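Engineer: One structure follows; several queries about it will come next.
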Ligand SMILES: [Zn+2]
């Protein structure tokens, strides 16, 4: 034998069934290096391989793409305290006390508390948290990510900034430690400055490994200066992870993103969120006053999409209320008038969330090839006739929110995401939520699986990844059973995750 690079390993996977993502008769996938080289029914027809993996009972799908994630925050929460099961202020405090007894992390990060259905709907105050974890900095995000609880020292710092927006106060006027929106953002920024590099790196590794364990092969990391830092976005972009991570950066002039090799916009806020009544809606709110409007002028949004289109790259904006969606769509139409429809379509721009579109928005987005980047779990959690959206806008508007079928029938490409930590990364739950839309605007299981696995590839211009066909990149997930078998209620378990041909999760994992 003479020298030279060894040929990349050739592997054969034999299972009970393969979704390509459409159902197929195939039971065998062979890949070499990072490319699929053979897909078929009978292993004896397959080309010879170096490694044969046989998983009876298992089924294969294309790897999932979570097209909207705040991944470092996700990892910090996974490494910290999950408060989702807490049913009272005392339980939150107990979890904190138990955590600090065994872990030195400072600041202490937790998230997921939701007081709205507690017997006494009041979270613990800063003094109670401080007593349970003396001297430690604490950041406990509410489930929606729009408010948080903090320790006494952080509260003192935030109050000392003398902006009173979002600071909850008791009957005597003293701040409780519950901070909303802008005040929560200031607290979060202070806590982030205290997080050491090794802690952030651990959080990134935790989040990426967690995603790989769920059959996710690619994450769209939505960097945003209000939620994380440019250094964090760059760390994701330059690191090596068990899932592919594609980074967006939310700056309105797009130049920062382009300079740093990140994709422009993404979770670039044109408005706020429904939970905090900051989404820009023309009809107003039924249960209180609107607390926000559009964050940018029309011409700023046009300029943003002009810059992206000139750079021939897809830009993204966050638009939840109908007024924000109108601003985004009208801006894109203006750019099409200036640069041509073909140039705009070629970019595959994206609008995040698009929860409250008007009639016609889906059709206008489809005409410009704009991707609807949606979170089906939002409808499952807050839609329906009696949920949060009904409280905010009435039953009819709530049932019309997140109309996945309108996007699909207009020919508007759909990509699914979790917006983790807002909802957990849970790709099968997203598929189910999209099918079982609570207002009757669901799509078929096949459409939902495609949006969850191929949609994120389309928007990222990854035209050689997604469907499990010869020549495509080998990115796939293997499940313990047929995920669409009738009568199953739990999500299937991911046995193997393959990213660019490497097994990054499961028993046959590459070292
Ligand atoms: Zn967003």
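In the working numbering, the protein residues as written are 682 to 1192. The beta carbon of each residue, even a glycine, is placed where N, CA and C say it ideally should be. All of these numbers come straight from a predicted model, not from anything done at the bench.
1) Going by DSSP in three states, residue 985 sits in which element: helix, strand or coil?
2) Apart from the five residues just before and just after residue 731, which ones in its own chain have a Cβ nearer than 6 Å to its Cβ?
3) Quick check: residue 899 and residue 744, are their CB atoms within less than 8 Å of each other?
4) Mind checking residue 875: buried by the 16 CB within 10 Å criterion, or exposed?
5) Tell me which residues pass a beta-carbon proximity test against ligand 1: closer than 6 Å to any heavy atom, given in chain order.
6) Can at least three beta-carbon pairs, one atom from the segment 1051-1061 and one from the segment 1096-1112, be found at a separation below 8 Å?
7) Relative to the C-alpha of residue 1088, which residue among 850, 826, 1115, 1070 is closest?
8) Rounding to the nearest angstrom, what Cα-Cα distance links residue 674 and residue 879 in this structure?
9) Considering only the beta carbon of each residue, do residue 805 and residue 748 sit closer than 8 Å?
10) Quick check on residue 1009: buried or exposed, where buried means 16 or more other Cβ atoms within 10 Å of its Cβ?
11) If we count the other Cβ atoms within 10 Å of its Cβ and call it buried at 16 or more, is residue 693 buried or exposed?
12) May I have a chain-ordered list of the beta strand (DSSP E) segments no shorter than 3 residues that lie completely inside the segment 992-1069?
13) Express the C-alpha separation of residue 828 and residue 835 in angstroms, rounding to a whole number.
14) Taking the continuous alpha helix (DSSP H) assigned at residue 890, which residues delimit it?
15) For residue 1091, which of 1040, 895, 831, 793 has the nearest alpha-carbon?
16) Pick from 1014, 1187, 1167, 699: whose alpha carbon is nearest that of residue 1175?
17) Only counting runs of 3 or more residues, tell me where the beta strand (DSSP E) segments fall wholly within the segment 812-867, in order along the chain.
18) Counting beta carbon pairs with one atom in the segment 986-999 and one in the segment 1026-1035, are three or more of them shorter than 8 Å?
19) Decide if the segment 1057-1073 is in contact with the segment 941-959; the criterion is three or more beta carbon pairs, one per stretch, under 8 Å apart.
20) Which of helix, strand or coil does DSSP assign to residue 1085?
21) Keeping to the same chain, check which residues put their C-beta closer than 6 Å to that of residue 1076; ignore five residues upstream and five downstream.
22) Put residue 1072 into one of helix, strand or coil per three-state DSSP.
23) Buried or exposed, going by whether 16 or more other CB atoms sit within 10 Å of the CB of residue 725?
24) Can you grab the Cα-Cα spacing for the pair residue 967 / residue 1073, in whole Å?
25) Just grab the DSSP bridge partners of residue 784 for me.
26) Check for me: the beta strand (DSSP E) holding residue 792 runs from which residue to which?
27) Is the CB-CB distance between residue 709 and residue 722 below 8 Å?
28) Do you know whose CA, among 695, 792, 942, 735, lies nearest residue 1103's CA?
29) Would you mind reading off the limits of the alpha helix (DSSP H) that contains residue 939?
30) Quick one: residues in its chain with C-beta nearer than 8 Å to the C-beta of residue 925, no 5 flanking neighbours on either side, listed in chain order?
31) So, for residue 682: in the same chain, excluding its five sequence neighbours on each side, which residues have a beta-carbon less than 7 Å away from its beta-carbon?
32) According to the Cβ coordinates, are residue 702 and residue 1148 closer than 8 Å?
33) Mind checking which residues open and close the beta strand (DSSP E) that includes residue 713?
34) Could you check what DSSP says for residue 799 in three-state terms: helix, strand or coil?
35) Is the beta carbon of residue 832 less than 8 Å from the beta carbon of residue 811?
36) Does the separation of the CB atoms of residue 948 and residue 960 fall below 8 Å?
Structural biologist: Reading off the structure:
1) helix
2) 690, 691
3) yes
4) exposed
5) 948, 999, 1033, 1034
6) In the pairwise beta carbon analysis, the segment 1051-1061 is classified as touching the segment 1096-1112: at least three pairs are separated by under 8 Å.
7) 1115
8) Because the chain in this structure spans residues 682 to 1192, residue 674 falls outside the shown range and cannot be described.
9) The answer is no: Cβ separation not under 8 Å.
10) buried
11) buried
12) Those beta strand (DSSP E) runs which fall completely within the segment 992-1069 and span 3+ residues are 997-1000, 1031-1034, 1052-1055.
13) 14 Å
14) Per DSSP, the continuous alpha helix (DSSP H) segment holding residue 890 begins and ends at 878-894.
15) 1040
16) 1187
17) 819-823, 828-831, 848-850, 856-861
18) Contact between the segment 1026-1035 and the segment 986-999 is established, with three or more Cβ pairs separated by less than 8 Å.
19) yes
20) helix
21) Taken in chain order, the residues that qualify are 1066.
22) helix
23) exposed
24) Roughly 5 Å between the two C-alpha positions.
25) DSSP links residue 784 through a beta bridge to no other residue.
26) 789-794
27) yes
28) Considering only alpha carbons, the answer is 792.
29) Start and end: 936-940.
30) 898, 899, 900, 1156, 1180, 1181
31) Annotation note: pLDDT 44 at residue 682 (below 50); position unreliable, no value reported.
32) yes
33) Unbroken beta strand (DSSP E) run through residue 713: 709-713.
34) coil
35) With respect to the 8 Å criterion, residue 832 and residue 811 are classified as neighbours on the basis of their beta carbons.
36) no
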